[in-house]
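Numbered according to this note's numbering, the sequence shown spans residues 10 to 271.
Cβ atoms here follow ideal geometry from the backbone N, Cα and C, with glycine treated the same way.
This one's a predicted model, so the numbers in the text were calculated from it and none came from an experiment.
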Amino acid sequence: MYKVKDFLLKLSQKKAAFTLAVIAFYVWSAFGVNLSIINIIEGIPNIADFISRMIPPDFSILDKMVEPTLETIQISVWGTTLAIFFSIPLGLLAAKNITPNNFWYTLSRQILNFLRATSELIFALVFVSAVGLGPFPGVLALAFHSTGMLGKFYAEAIENVDKGVIEALEATGAHKLQIIVFGIVPQISPEFLTYSLYRWEHNLRQATVLGIVGAGGLGFELITSLRLFKYRETATILIIILVTVTIMDYVNSKIRNKVIGG
10 MYKVKDFLLK
20 LSQKKAAFTL
30 AVIAFYVWSA
40 FGVNLSIINI
50 IEGIPNIADF
60 ISRMIPPDFS
70 ILDKMVEPTL
80 ETIQISVWGT
90 TLAIFFSIPL
100 GLLAAKNITP
110 NNFWYTLSRQ
120 ILNFLRATSE
130 LIFALVFVSA
140 VGLGPFPGVL
150 ALAFHSTGML
160 GKFYAEAIEN
170 VDKGVIEALE
180 ATGAHKLQII
190 VFGIVPQISP
200 EFLTYSLYRW
210 EHNLRQATVL
220 GIVGAGGLGF
230 ELITSLRLFK
240 YRETATILII
250 ILVTVTIMDY
260 VNSKIRNKVI
270 GG
């Protein structure tokens, strides 16, 4: 009886210590970032003033925004497409059940970790310096970071396939390529499509941000309007971004429902 009480007492003490540690961590973090409700409240008039300068939006620039909008979509499409192309071999190498060789498994995992840990903006800055301003560095930035993300998702999907199917194919004498084509691909196809489409959605939104560092598209027009204090144009560009992302999300949803839902 006493042992049970002692155990419960120690458990409650550990929970209390853990709770206090979490609270202390958040308080420390709040001081580190100068988190202040007062500053937010005091900043409301400035936010209201900024919004008032954006009204009404300047829709006279709509015709000029057609090309940047299409460019943003193109950046996201090619960034995602290249990422898929590179993610497939890396995902296969990073799957333990496909790559028993520890060297290639570890190497591919570390490559994916590096690509995933480096943000699109950092890649964009590097590629803008390397190849100049324009949409191409944006494509490369999205492709590199998305390869890290998709490669990890693909590898995890491959590792979670039904082992019975693979063992059955191995029992028939199937070689590695046949196992991948007939045993793994049919099982991971729905997840493959879902991850790829979600990544395209993300890349479309991210493509608008990359323009801030000179990678073209709507983001470049957005930051230009802000620097020139043309806030009514800024409002129009934000509306275009919202509409574009909404339409693409709808299209992706329809594709997923059509292909996966049958």
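(message) Along the chain, where does the alpha helix (DSSP H) containing Thr-90 start, and where does it finish?
(response) 75 to 102
(request) Can you grab the Cα-Cα spacing for the pair Leu-121 / Gly-225, in whole Å? (result) 26 Å
(request) Within its chain, find whatever has a CB closer than 7 Å to the CB of Ala-150; leave out the 5 residues flanking it on each side and keep chain order. (result) Glu-129, Phe-132, Ala-133, Phe-136, Leu-219, Ala-224
(request) Quick one: residues in its chain with C-beta nearer than 7 Å to the C-beta of Leu-124, no 5 flanking neighbours on either side, listed in chain order? (result) Phe-153, His-154, Thr-156, Gly-157
(message) In whole angstroms, give me the CA-to-CA distance for Ala-92 and Ala-104.
(response) 17 Å
(request) Go ahead and pull the three-state DSSP assignment for Met-158. (result) helix
(message) I believe Ala-97 touches Tyr-163 by the beta-carbon criterion, under 8 Å. Please report the beta-carbon distance rounded to the nearest angstrom.
(response) Note that residue 97 is Ile in the sequence shown here, rather than Ala. Confirmed, about 7 Å.
(request) Measure the C-alpha to C-alpha separation of Asn-169 and Asn-106 and round it to an integer number of angstroms. (result) 9 Å
(request) Starting from the C-beta of Asp-171, find all residues in its chain whose C-beta is less than 8 Å away, skip the five residues before and the five after it, and write them out in chain order. (result) Gln-196
(request) Quick one: measure Cβ to Cβ for Pro-144 and Glu-76, integer angstroms, because I've assumed they're closer than 8 Å. (result) At roughly 11 Å, the Cβ-Cβ gap does not stay under 8 Å, so Pro-144 and Glu-76 are not in contact.
(message) Within a Cβ cutoff of 7 Å, which residues of the same chain sit near Ile-249, ignoring the five residues on either side of it in sequence?
(response) Met-74, Thr-78, Leu-227
(request) Compute the beta-carbon to beta-carbon distance between Asn-266 and Glu-210, rounded to the nearest angstrom, for a pair I have assumed lies under 8 Å. (result) Rounded, the Cβ-Cβ distance is 15 Å, inconsistent with contact.
(request) In the DSSP assignment, find the unbroken alpha helix (DSSP H) run with Thr-233 in it and report its ends. (result) 226 to 236
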